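Here is the structure we will look at, set down as structure tokens.
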Amino acid sequence: MKKTFRIALLTSTLLAGAASAEDVTLTIESWRNDDLTIWQDKLIPAFEAANPGIKVVFAPTAPAEYNAALNSKLQAGSAGDLITCRPFDASLELYNQGNLADLSGLAAMANFSPVAKSAWQTDDGAATFCVPMASVIHGFIYNKDAFDQLGLTVPTTVDEFFAVLDKIKADGTYIPMAMGTNDQWEAATMGYNNIGPNYWKGEEGRLALIKGTQKLTDPQWVAPYEQLAKWKDYLGDGFEAQTYPDSQNLFTLGRAAIYPAGSWEIAGFNAQAQFKMGAFAPPVVNAGDTCYISDHTDIAMGMNAKSAHAEEAKKFLEWVGSSEFADLYANSLPGFFSLNSTPVTMTDPLAQEFVSWRGKCQSTIRSTYQILSRGTPNLENETWNASANVIKGTETPADAGKRLQEGLDSWYKPAN
Amino acid sequence: MARGKPVRWHIGVFLAPALLVYTAIMIIPLFGTLNLSLFNEAGDVRVFVGLQNFVTLFGDPRWSGAFWNALGNNFWFFVIHMLVQNPIGVLLAALLSSPRLRMAAFYRTAIFVPTILSFVIVGFVWKLILSPIWGIAPGMLDLVGLKSLFAPWLGKAEYALTTLALVSVWQFVGIPMMLIYAALLSIPDDVIEAAEMDGVTGWSQFWKIKLPLILPSIGIISILTFVGNFNAFDLIYVAQGALAGPDFATDILGTFLYRTFFGFQLQLGDPYMGSAIATAMFGIILLGVCVYLFGIQTRLRRYQF
Numbered sequence: 353m354k355k356t357f358r359i360a361l362l363t364s365t366l367l368a369g370a371a372s373a374e375d376v377t378l379t380i381e382s383w384r385n386d387d388l389t390i391w392q393d394k395l396i397p398a399f400e401a402a403n404p405g406i407k408v409v410f411a412p413t414a415p416a417e418y419n420a421a422l423n424s425k426l427q428a429g430s431a432g433d434l435i436t437c438r439p440f441d442a443s444l445e446l447y448n449q450g451n452l453a454d455l456s457g458l459a460a461m462a463n464f465s466p467v468a469k470s471a472w473q474t475d476d477g478a479a480t481f482c483v484p485m486a487s488v489i490h491g492f493i494y495n496k497d498a499f500d501q502l503g504l505t506v507p508t509t510v511d512e513f514f515a516v517l518d519k520i521k522a523d524g525t526y527i528p529m530a531m532g533t534n535d536q537w538e539a540a541t542m543g544y545n546n547i548g549p550n551y552w553k554g555e556e557g558r559l560a561l562i563k564g565t566q567k568l569t570d571p572q573w574v575a576p577y578e579q580l581a582k583w584k585d586y587l588g589d590g591f592e593a594q595t596y597p598d599s600q601n602l603f604t605l606g607r608a609a610i611y612p613a614g615s616w617e618i619a620g621f622n623a624q625a626q627f628k629m630g631a632f633a634p635p636v637v638n639a640g641d642t643c644y645i646s647d648h649t650d651i652a653m654g655m656n657a658k659s660a661h662a663e664e665a666k667k668f669l670e671w672v673g674s675s676e677f678a679d680l681y682a683n684s685l686p687g688f689f690s691l692n693s694t695p696v697t698m699t700d701p702l703a704q705e706f707v708s709w710r711g712k713c714q715s716t717i718r719s720t721y722q723i724l725s726r727g728t729p730n731l732e733n734e735t736w737n738a739s740a741n742v743i744k745g746t747e748t749p750a751d752a753g754k755r756l757q758e759g760l761d762s763w764y765k766p767a768n
Numbered sequence: 497m498a499r500g501k502p503v504r505w506h507i508g509v510f511l512a513p514a515l516l517v518y519t520a521i522m523i524i525p526l527f528g529t530l531n532l533s534l535f536n537e538a539g540d541v542r543v544f545v546g547l548q549n550f551v552t553l554f555g556d557p558r559w560s561g562a563f564w565n566a567l568g569n570n571f572w573f574f575v576i577h578m579l580v581q582n583p584i585g586v587l588l589a590a591l592l593s594s595p596r597l598r599m600a601a602f603y604r605t606a607i608f609v610p611t612i613l614s615f616v617i618v619g620f621v622w623k624l625i626l627s628p629i630w631g632i633a634p635g636m637l638d639l640v641g642l643k644s645l646f647a648p649w650l651g652k653a654e655y656a657l658t659t660l661a662l663v664s665v666w667q668f669v670g671i672p673m674m675l676i677y678a679a680l681l682s683i684p685d686d687v688i689e690a691a692e693m694d695g696v697t698g699w700s701q702f703w704k705i706k707l708p709l710i711l712p713s714i715g716i717i718s719i720l721t722f723v724g725n726f727n728a729f730d731l732i733y734v735a736q737g738a739l740a741g742p743d744f745a746t747d748i749l750g751t752f753l754y755r756t757f758f759g760f761q762l763q764l765g766d767p768y769m770g771s772a773i774a775t776a777m778f779g780i781i782l783l784g785v786c787v788y789l790f791g792i793q794t795r796l797r798r799y800q801f
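Chains as they are written, first to last, in the numbering used here: chain A, 353 to 768; chain B, 497 to 801.
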């Protein structure tokens with residue numbers, strides 16, 4: 353009896369071993385735990401159907417822990433085959449450490465413009481190590497029903513913007529704007545880097561900052577803080593302790609009229625909100641000014657250089673770079689705009705509104721991401737802190753600019 | 497007797513598992529960390545830099561500013577525990593040990609239960625309770641007409657740390673209570689009876705007879721609180737994130753270490769500076785424990801019954 357059992361056990365082990373030898377399993381590391389079902393139900397089945405013999409597992413970590421967890425896994429040699437890439441330095445560092453493979457030779461790379469690839473290249477552009485997937489666009493999402501009810505029109509200039517906020521506040525039915533400072537990054541990402549490009553003229557200012565010809569103490573870099581300081585009066589009671597999920601809920605429950613947003617919210621908001629929504633681009637200072645939007649290259653996918661299944665992983669990445677993936681991804685996740693050169697037709701009206709600004713406005717990326725957050729103190733993290741302080745009124749805009757520039761000067765020497 | 501003492505193998509055998517496990521998961525990593533703090537990276541190679549990391553930590557205005565801020569916050573965190581948690585713990589123990597109290601077992605359990613809850617639950621629940629938007633705290637204050645006292649405590653730099661310290665006190669008050677309760681129960685009845693014969697009863701009995709007898713326990717609790725507080729991290733991380741907002745008002749050594757060692761968002765991890773901070777924490781805790789052991793512990797009078 354015992355012997356039979358043992359043999360059975362042994363046979364089953366051997367059989368299981370044989371089965372897994374046929375199928376290669378690729379594991380994807382990602383911070384997008386919100387997208388788990390979309391990967392499992394739509395994207396991965398599409399790939400697996402076309403590529404029998406390769407199984408793909410999407411294994412996300414919580415966004416805040418992703419970088420730390422990934423670094424530990426890579427050091428321990430237990431990281432997945434495919435690695436979702438943060439833009440710029442975090443991934444560049446992984447490439448320099450030899451953790452990410454050079455993917456410049458991938459055929460699919462031809463489908464992307466140099467700007468799309470810039471976030472995942474070495475400084476000289478010689479090697480590209482991640483396949484660009486999507487960018488996110490910043491702007492404001494508003495409650496259309498509330499705007500109709502109060503007879504408001506979409507603001508295009510800063511003055512109109514504050515006039516609208518004043519009217520919502522005077523009416524009192526809605527909290528004018530849903531944002532809190534508890535998590536800090538909202539203030540920087542959806543505040544400073546949302547409205548800022550209109551002041552520093554997008555790429556022009558961002559590159560000048562990197563070259564050292566502009567400083568964070570210059571008026572065009574302090575002015576966004578001055579606008580943020582005025583937001584304070586339009587945020588809900590106790591916004592100091594309001595977290596990011598609180599803000600999302602305040603807006604989708606219809607208690608707040610305007611939500612300073614990133615386009616990644618679209619899918620979640622569509623599912624939650626019971627009212628009609630619209631979106632407007634960050635208002636410009638004077639009517640007729642060129643508008644600038646933050647169209648941030650946000651997400652890409654690379655390959656673990658130590659992956660045991662490099663061939664299969666490359667096959668998957670070729671697919672990620674294809675227009676088929678671009679179409680599937682952009683439509684399953686409205687708000688993540690494909691970076692593929694082939695235009696993608698999107699069906700979601702809110703996503704269409706966001707992406708339409710690419711035609712009217714100049715695109716730029718977040719000012720702190722390229723090169724400037726390489727040292728200590730980290731400019732991005734400092735910007736979170738400064739933006740939250742300025743909104744709360746505990747630091748003046750001029751002081752914030754001065755402190756950030758001093759921090760930057762302490763380690764960053766422009767190349768010129 | 498020709499035979500010497502037999503070799504007592506069993507002592508070594510029984511000690512070995514604990515010793516091996518403790519060495520493998522505590523002692524070796526500890527020395528690894530101390531060692532790592534003396535290195536840094538130049539290019540891609542690890543080089544020995546001596547005490548350079550500590551010079552940066554204490555000499556560079558930004559690093560030292562962050563370090564002293566975290567240390568100061570940590571002291572405040574500890575002070576709140578010593579001033580609130582331990583006296584309340586002693587008080588609760590004194591009440592529980594009173595023979596006239598009914599349902600003592602129920603109170604004992606109820607007060608001890610938060611201690612076994614996860615930090616994640618405690619942090620999340622208190623964040624919800626204190627939330628200005630959905631929380632029940634504003635509503636409850638409103639019921640008693642004190643709505644004006646409500647503030648978004650966790651979001652204000654001047655209140656956030658104290659609030660979190662009090663949440664931690666709420667969670668852990670059961671520990672000093674239980675230890676003191678046990679100490680109070682171990683006081684022999686004849687001592688109490690003798691006191692009663694001499695007319696020492698009620699509160700004066702507590703102050704004059706019981707308190708001196710439980711002082712060694714209070715000492716142990718103080719040192720446990722000290723070590724626990726200076727190693728604290730979880731609650732702050734759960735409630736305020738790794739940036740320990742608002743404006744680093746709740747940044748303690750643990751969160752500072754985490755941010756430095758593992759990195760955060762765009763900031764890449766720096767294991768060398770992280771180890772330097774960990775070494776500094778180790779030094780601070782060691783110093784505190786030594787002060788207690790040699791300065792206080794040896795002077796405490798013990799009574800033998």
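From the three backbone atoms N, C-alpha and C, an ideal C-beta is built for every residue, glycine too.
Here the structure is a predicted model, which is why all the values come from computation and not from measurement.
Item, Value
"If you check the beta carbons only, do Pro525 of chain B and Asp589 of chain A fall under 7 Å apart?", "no"
"Quick one: what's got a C-beta closer than 6 Å to Gly606 of chain A's C-beta in the same chain, skipping five residues either side?", "Phe627"
"Quick check on Met693 of chain B: does DSSP put it in helix, strand or coil?", "helix"
"Does any CB atom of chain B fall closer than 7 Å to the CB of Asp454 of chain A?", "no"
"What is the residue span of the alpha helix (DSSP H) that His661 of chain A lies within?", "Here His661 of chain A belongs to no alpha helix (DSSP H), and DSSP marks it neither H nor E."
"Should Leu366 of chain A be labelled buried (16 or more other beta-carbon atoms within 10 Å of its own) or exposed?", "Bear in mind that a pLDDT of 46 at Leu366 of chain A, under 50, signals an unreliable position, so the number given afterwards is only what the model happens to contain. Burial call: exposed."
"What are the start and end residues of the alpha helix (DSSP H) that includes Glu538 of chain A?", "Note, Glu538 of chain A: premise wrong, no alpha helix (DSSP H); not H, not E."
"Let me make sure I understand the geometry here. Which of B:Leu796, B:Leu660, B:Tyr768 and B:Leu711 has the alpha-carbon closest to that of Ala538 of chain B?", "B:Tyr768"
"By how many angstroms is the C-alpha of Gln566 of chain A removed from the C-alpha of Met655 of chain A?", "37 Å"
"Spell out the partners DSSP gives Phe689 of chain A in its beta bridges.", "A:Ser487"
"Mapping DSSP to helix, strand and coil, what is Ser430 of chain A?", "coil"
"Can you tell me whether Gln473 of chain A is helix, strand or coil according to DSSP?", "strand"
"By the 9 Å beta-carbon criterion, what residues does the segment 728-750 of chain B contribute toward chain A?", "Gln736, Gly737, Ala738, Leu739, Gly741, Pro742, Asp743 and Phe744"
"Excluding sequence positions up to five away, which residues of its chain have a Cβ less than 7 Å from the Cβ of Ile632 of chain B?", "Ile625"
"Does Gly673 of chain A pass the burial test, meaning 16 or more other C-beta atoms within 10 Å, or should it be called exposed?", "buried"
"Any beta-carbon of chain B closer than 7 Å to the one on Gly590 of chain A?", "yes"
"What residues in its chain sit with their C-beta under 6 Å from that of Ala661 of chain B, if we drop five residues either side in the sequence?", "Phe573 and Ile576"
"Among the residues of its own chain, which have a CB less than 7 Å from the CB of Leu504 of chain A, if the five just before and after it don't count?", "Val516 and Lys519"
"Taking the runs of the alpha helix (DSSP H) that are 4 residues or longer, which of them lie wholly in the segment 698-761 of chain B?", "698-701, 707-726, 730-736 and 749-758"
"Taking only the alpha-carbon atoms, compute the straight-line gap between Thr697 of chain A and Ser424 of chain A and give it to the nearest angstrom.", "39 Å"
"Is there a Cβ of chain A sitting closer than 7 Å to that of Trp505 of chain B, yes or no?", "no"
"On a Cα-Cα basis, can you pick out the residue from B:Ser614, B:Ala740, B:Val541 and B:Leu642 that is closest to Ala656 of chain B?", "B:Ala740"
"DSSP beta-bridge partners for Ala776 of chain B?", "Per DSSP, none; premise fails for Ala776 of chain B."
"Taking one C-beta from the segment 483-500 of chain A and one from the segment 643-661 of chain A each time, how about it: are there three or more such pairs within less than 8 Å?", "yes"
"Quick one: does Glu732 of chain A have its CB under 7 Å from some CB of chain B?", "yes"
"With DSSP as the reference, label Tyr611 of chain A as helix, strand or coil.", "strand"
"What residues match up with Gln348 of chain A in a beta bridge as DSSP calls it?", "Any question about residue 348 of chain A goes unanswered here, given that chain A covers just 353 to 768."
"Give me the residue from B:Gly765, B:Gly715 and B:Gly770 with the minimum Cα distance to Ile792 of chain B.", "B:Gly715"
"Tell me the rounded alpha-carbon separation between Ile618 of chain A and Phe615 of chain B.", "32 Å"
"Below 6 Å, is the gap between the Cβ of Lys394 of chain A and the nearest heavy atom of the ligand NAP?", "The model depicted lacks the ligand NAP and carries no ligand whatsoever."
"At what residues does the alpha helix (DSSP H) containing Thr508 of chain B begin and finish?", "The question names Thr, yet the displayed sequence has Gly at residue 508 of chain B. It spans Trp505 to Tyr518 - the alpha helix (DSSP H) in which Gly508 of chain B sits, taken as one unbroken run."
"For Ala772 of chain B versus Leu553 of chain B, is the C-beta distance shorter than 7 Å?", "yes"
"For Ile717 of chain B, I'd like the list of residues in its chain whose CB is within less than 8 Å of its CB, leaving aside the five on either flank, ordered along the chain.", "Asn582, Gly585, Ile671, Pro672, Leu675 and Ile676"
"Could you tell me whether the segment 502-512 of chain B touches the segment 738-749 of chain A, using the rule of 3 or more Cβ pairs below 8 Å?", "no"
"Would you say Asp751 of chain A lies against chain B (beta-carbon separation less than 7 Å)?", "no"
"Quick check on DSSP: helix, strand or coil for Ser664 of chain B?", "helix"
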